[in-house]
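As they're listed, the protein sequences go chains L and P. Positions in the first sequence are counted from 1; adding 140 to them yields the working numbering. Positions in the second sequence are counted from 1; adding 1061 to them yields the working numbering.
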Amino acid sequence: DVKVTQSSRYLVKRTGEKVFLECVQDMDHENMFWYRQDPGLGLRLIYFSYDVKMKEKGDIPEGYSVSREKKERFSLILESASTNQTSMYLCASSLSFGELAGFGEQYFGPGTRLTVT
Amino acid sequence: QKEVEQNSGPLSVPEGAIASLNCTYSDRGSQSFFWYRQYSGKSPELIMFIYSNGDKEDGRFTAQLNKASQYVSLLIRDSQPSDSATYLCAVTHSGGGADGLTFGKGTHLIIQP
């Protein structure tokens, strides 16, 4: 079974703090993703990575950065946390369509509920 | 702008009946189509995917795909209270999976005992 883990389930930070969210997957997937999910807005893609040290902006990258130094690990960084970054953050990983019989399906970690006060 | 549309609900279905969830998508190049279930406060869980026109069955779940109409559906037979959740439809972008999935906002399903 694919396992995606995230470093914290709940996190409370103060405005202006630098925040690190860690994600680790154990299935040797090339692709990793960071989303945030807010009521009424659905899942929104922040950043994704298709290889080590590679990153691509998603739909809402402003205020965030990412790091992928190892294939299994993808970190999301909030450089200076703000209250509008209070949200549920979800990490996911996948094989690419056509790779090793993958169809692009993504597997999610348990999520980190971040509150910025 | 690639879009995936779902009725937000809530969709209320009596226990034991068939629940029918629908989804339309805008990107004609989409190759794979997924249904995720998300319980309140939890992360999405993949329950089915389909990539060919027609029906695909897995236990009580059936996914249906009509690429000409750009329409995907999920049928849940013999609905149980434990099926009460939000169901997210997702599609791959044309060009492969590396760009991720486009998700609908989900349909909230309530199974009434």
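C-beta atoms are modelled at their ideal positions from N, C-alpha and C, and glycine is treated no differently. Every value quoted in this text rests on a predicted model; they were computed, and no experiment measured them.
By the DSSP assignment, the beta strand (DSSP E) with Ile1137/P in it spans what residues? Numbered from its first residue, the second sequence carries residue 1137/P at position 76. Segment 1132–1137, the beta strand (DSSP E) holding Ile1137/P.
Closer than 7 Å by beta-carbon distance: list the chain L residues that pair up with Gly1070/P, in chain order. By one-based count along the second sequence, residue 1070/P stands at place 9. The CB of Gly1070/P never comes closer than 7 Å to any CB in chain L; the least such distance is about 13 Å.
So that I know if they touch, is there some Cβ in chain P lying closer than 8 Å to that of Glu245/L? Within the first sequence, the letter at position 105 stands for residue 245/L. So, interface residue.
Cutting at 8 Å between CB atoms, please list the residues of its own chain near Ser1177/P, excluding the five before and the five after it. The shown model of chain P, from 1062 to 1174, leaves out residue 1177/P, and the question about it has no answer.
Within 7 Å: the Cβ of His1154/P and any heavy atom of the ligand MG? For the structure depicted, the ligand MG is absent and the ligand set is empty, with no information on it obtainable.
Going by DSSP in three states, Gln225/L sits in which element: helix, strand or coil? Taking the first residue of the first sequence as position 1, residue 225/L is located at position 85. Helix.
For Asp1034/P, does the three-state DSSP call read helix, strand or coil? Residue 1034/P falls outside the range modelled here, since chain P spans only 1062 to 1174, and no answer is possible.
What separation, rounded to the nearest whole angstrom, lies between the Cα atoms of Met228/L and Asp1116/P? On the first sequence, residue 228/L is found 88 positions in, with the first residue counted as 1. On the second sequence, residue 1116/P is found 55 positions in, with the first residue counted as 1. Distance between the alpha carbons of Met228/L and Asp1116/P is about 34 Å.
Using a Cβ-Cβ cut-off of 8 Å, state whether Gly249/L counts as contacting chain P. Stepping through the first sequence from its first residue, residue 249/L is reached at position 109. Cβ-Cβ to chain P under 8 Å: yes for Gly249/L.
Cα separation between Ser147/L and Glu162/L? Here the question's residue 147/L lines up with position 7 in the first sequence. Here the question's residue 162/L lines up with position 22 in the first sequence. Their backbone Cα atoms lie some 5 Å apart in a straight line.
So, helix, strand or coil for Gln165/L, using DSSP? On the first sequence, residue 165/L is found 25 positions in, with the first residue counted as 1. Residue state, collapsed to three classes: strand.
Just the Cα atoms here: how many angstroms apart are Glu157/L and Ser220/L? By one-based count along the first sequence, residue 157/L stands at place 17. By one-based count along the first sequence, residue 220/L stands at place 80. If I take the Cα positions, the gap works out to 5 Å.
Quick one: list the residues of chain L neighbouring Phe1164/P, beta-carbon separation under 7 Å, in chain order. Position 103 of the second sequence holds residue 1164/P. The answer, in chain order, is Gly182, Leu183.
Under 8 Å between C-beta atoms of Leu1170/P and Val1074/P: Here residue 1170/P refers to the residue found at position 109 when the second sequence is read from its first residue. Here residue 1074/P refers to the residue found at position 13 when the second sequence is read from its first residue. Yes.
Any C-beta of chain P sitting closer than 8 Å to the C-beta of Phe214/L? The count along the first sequence starts at 1 and reaches residue 214/L at position 74. False, the Cβ-Cβ gap to chain P never drops below 8 Å.
At a CB distance below 7 Å, what residues from the region 1084–1113 of chain P approach chain L? Give them in sequence order. Gln1092, Ser1093, Phe1095, Ser1104, Pro1105, Leu1107, Phe1110, Tyr1112
Would a C-beta distance cut-off of 8 Å place Tyr187/L and Gly203/L closer than the cut-off? Taking the first residue of the first sequence as position 1, residue 187/L is located at position 47. Taking the first residue of the first sequence as position 1, residue 203/L is located at position 63. Their beta carbons are not under 8 Å apart, which means Tyr187/L does not touch Gly203/L by this criterion.
Shortest alpha-carbon distance to Asn224/L belongs to which of Glu209/L, Lys143/L, Ile200/L, Val164/L? In the first sequence, counting from the first residue as 1, residue 224/L sits at position 84. Ranking the options by Cα distance to Asn224/L, first place goes to Ile200/L.
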